[in-house]
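So the structure is just underneath, and the comments pick up after that.
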Amino acid sequence: MPRAKFIAGNWKMFTAAQAGRDLAAAVAKGFAGNTHARVAVCPPFPYLSLIAGVLQGSPIGLGAQNCYPAIEGAYTGEVSPVMLKDVGCRYVIVGHSERRHGLGESDDFINRKAKAAFAAGLDVILCIGETLDERKAEKTESILDRQLAGGLQGIGADVVDRLTLAYEPVWAIGTGADAAPQQAQDAHAFIRKKCAALLGPDAAARLTIQYGGSVKPDNAADILTQPDVDGALVGGASLKADSFLAIVAAARA
Ligand code: PGA
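The following block contains the structure:
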């Protein structure tokens with residue numbers, strides 16, 4: 329059975345209330361009646377409840393961009409996965425490169441977030457990917473290897489249907505320099521092989537692996553038709569309903 333495609337929009341720290349409401353409403357309207365892909369949007373924390381209301385009754389899932397690995401506690405400024413579930417999230421992104429590299433998050437911290445999110449009943453989008461220097465030094469596979477082994481530590485095949493990996497080469501994020509479709513395919517095939525060793529071959533065959541990094545309407549079909557590419561995590565192009573929906577339309581199972 330082919331894996332269904334999964335397209336998620338990562339709004340990052342963009343869109344205030346009115347813009348987010350309009351964007352979510354336009355995405356929900358444009359997606360109605362179109363069932364070939366699973367779709368989610370990930371707004372900033374303060375607007376999750378608002379967007380949950382806008383998306384009510386639509387097949388668009390709601391996701392958060394981060395969480396803290398605890399149910400509750402004295403963690404000023406942090407947000408628990410239980411709270412995300414409570415406000416209507418189905419998904420949470422963990423390990424985005426803007427947090428790994430910009431905020432110094434380690435594989436261990438990201439792994440604890442993923443485990444806490446699963447325990448809270450959320451589906452997890454775990455981001456991995458190499459920097460430009462790492463790719464130039466031919467370290468892509470060893471970096472992915474480390475991020476997968478660390479990020480999936482203690483996570484078993486039982487949650488594979490709630491796990492999405494997002495391969496996001498750091499050099500392609502927000503730069504316009506998307507990976508060539510074959511580069512994406514090669515990395516995805518490597519990730520799936522590694523996951524076969526970590527989670528078992530059946531789980532690896534079922535696992536959804538998104539590509540992320542400058543996905544746009546004009547390159548989406550070429551990337552999404554690669555055999556091991558099961559969807560996209562979209563940043564910039566998810567901030568306009570037209571471009572996001574065009575990427576969704578390019579996804580075929
Ligand atoms: P981009 O971002 O599509 O703007 O490159 C992708 C991401 O960071 O998830």
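Those letters in the sequence shown? Residues 329 to 581, per the working numbering, in order. Ideal Cβ placement from N, Cα and C applies to all residues, glycine included.
Would you identify the three-state DSSP class for ILE335, choosing helix, strand or coil? By one-based count along the sequence shown, residue 335 stands at place 7. It is a strand residue.
Is THR503 near PHE334, with beta carbons less than 9 angstroms apart? For this step, residue 503 is matched to residue 175 along the sequence shown. For this step, residue 334 is matched to residue 6 along the sequence shown. No, the pair does not count as a contact, with Cβ atoms beyond the cut-off.
For the beta strand (DSSP E) that ALA301 lies in, which residues bound it at each end? This structure cannot speak to residue 301, because the chain is shown only from 329 to 581.
Could you tell me if GLY385 is buried or exposed, where buried requires 16 or more neighbouring beta carbons within 10 angstroms of its beta carbon? Numbered from its first residue, the sequence shown carries residue 385 at position 57. So GLY385 ends up on the exposed side.
As assigned by DSSP and simplified to three states, the class of ASP550: In the sequence shown, the residue the question calls residue 550 occupies position 222. It is helical.
Within the present structure, is the beta-carbon of HIS424 separated from the nearest heavy atom of ligand 1 by less than 8 angstroms? Start at 1 with the first residue of the sequence shown, and residue 424 comes out as number 96. Yes; taking the cut-off as 8 angstroms, the Cβ of HIS424 has a heavy atom of ligand 1 nearer than that.
Mark ARG580 as exposed unless 16 or more other C-beta atoms lie within 10 angstroms of its C-beta, in which case mark it buried. Counting from 1 along the sequence shown, the entry for residue 580 is found at position 252. Answer is exposed; the Cβ neighbour count stays below 16.
Please report how far the alpha carbon of ALA515 lies from the alpha carbon of ALA494, in whole angstroms. On the sequence shown, residue 515 is found 187 positions in, with the first residue counted as 1. On the sequence shown, residue 494 is found 166 positions in, with the first residue counted as 1. Their backbone Cα atoms lie some 11 angstroms apart in a straight line.
I want to check one thing, is the minimum distance from the CB of VAL543 to the heavy atoms of ligand 1 below 8 angstroms? Counted from its first residue, the sequence shown places residue 543 at position 215. Yes - ligand 1 has a heavy atom lying nearer than 8 angstroms to the Cβ of VAL543.
Of the residues ALA577, ALA445, GLY401 and LEU567, which one's Cα is nearest the Cα of LEU351? The sequence position of residue 351 within the sequence shown is 23, counting from 1. The option with the nearest alpha carbon to LEU351 is LEU567.
Kindly indicate which residue of ALA508, ALA444, GLY528 and SER470 has the alpha-carbon position closest to the one of PHE456. In the sequence shown, the residue the question calls residue 456 occupies position 128. Note on identity: in this sequence residue 456 is Ile, with Phe being the wrong assignment. Nearest of ALA508, ALA444, GLY528 and SER470 to ILE456, Cα basis: SER470.
Is the number of C-beta pairs between the region 506-522 and the region 541-559 that are closer than 8 angstroms three or more? yes
Residues in its own chain within less than 7 angstroms of VAL415 by CB, not counting five upstream and five downstream? As a first step, residue 415 must be located in the sequence shown, where it is residue number 87. If we look at VAL415 and ignore the five residues flanking it on each side, its Cβ neighbours are LEU376, SER377 and ALA380.
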